[in-house]
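Beneath this line is the structure, given in structure tokens, with notes to follow.
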Amino acid sequence: MNNKGIIVCAVLAGFFGGLMSNGIFAEAQSNYPKVVSAENFQLVDNNGKRVGSWANCGSGSPCLNFFDVNGNVRLQLGIYNAAGEAGLPFVILNSNGGDPKAILRLVGQNEAPVLVMKNNNMDKMVMGLDFANSSEPFLAKYDNAGSKSMVFGKY
416 MNNKGIIVCA VLAGFFGGLM SNGIFAEAQS NYPKVVSAEN FQLVDNNGKR
466 VGSWANCGSG SPCLNFFDVN GNVRLQLGIY NAAGEAGLPF VILNSNGGDP
516 KAILRLVGQN EAPVLVMKNN NMDKMVMGLD FANSSEPFLA KYDNAGSKSM
566 VFGKY
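According to our numbering, the sequence shown is numbered sequentially starting from 416.
So this is what it looks like as structure tokens:
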């Protein structure tokens, strides 16, 4: 067989091989589910240790959790499901011990943004926009006994 014959055979073989593989892979891809449903998805590292999850927060609303090397939730993103707060998002930053240290969330019918800073599970500072009209800022601080004093605004 001369060089032209080899080239023609190679081109034809490549063409038909491409057609066949296209049909085989297209059929295989169509067998994958379009929706995967579960109550909990876990992300694990190379050693099988959980580093993240997408799960139910316990109230029927979704949460995305990120874990530290000790298995504590350090960052949580979710959506409230409680009456009057349903559908409002939140972000929680937790300490090494798992206690919330900062919470960023939307509050009320006007979805006012609020940042809560905590220590030993007690509010220490709360700042955000007025719940009634979401236009006036406020800042409140709390002493060690839990007594609130306003720096400015209404809360």
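Ideal Cβ placement from N, Cα and C applies to all residues, glycine included.
Predicted model, so just to flag it, every value in this text is computed and none were measured.
| Item | Value |
| --- | --- |
| DSSP-derived helix/strand/coil call for residue 432 | helix |
| Residue 545 - DSSP class collapsed to helix/strand/coil | coil |
| Integer-rounded CB distance, given that residue 556 should sit under 8 Å from residue 564 | 6 Å |
| C-alpha distance - residue 485 paired with residue 523, whole-angstrom precision | 35 Å |
| Residues bridged to residue 557 [DSSP beta-bridge criterion] | 563 |
| Exposure of residue 533, with buried meaning 16 or more beta-carbon neighbours within 10 Å | buried |
| Proximity to residue 570 [Cα-Cα], best of 553, 527, 531 and 477 | 553 |
| Check whether residue 521 and residue 508 have beta carbons under 8 Å apart | no |
| Classification of residue 531 by the beta-carbon crowding that lies within 10 angstroms, buried from 16 upward | buried |
| Integer-rounded CB distance, given that residue 493 should sit under 8 Å from residue 478 | 4 Å |
| Length of the line joining the Cα atoms of residue 468 and residue 474 | 16 Å |
| Residues near residue 472 by beta carbon distance below 6 Å, same chain, minus five either side | 478 and 493 |
| Distance, residue 513 Cα to residue 566 Cα | 29 Å |
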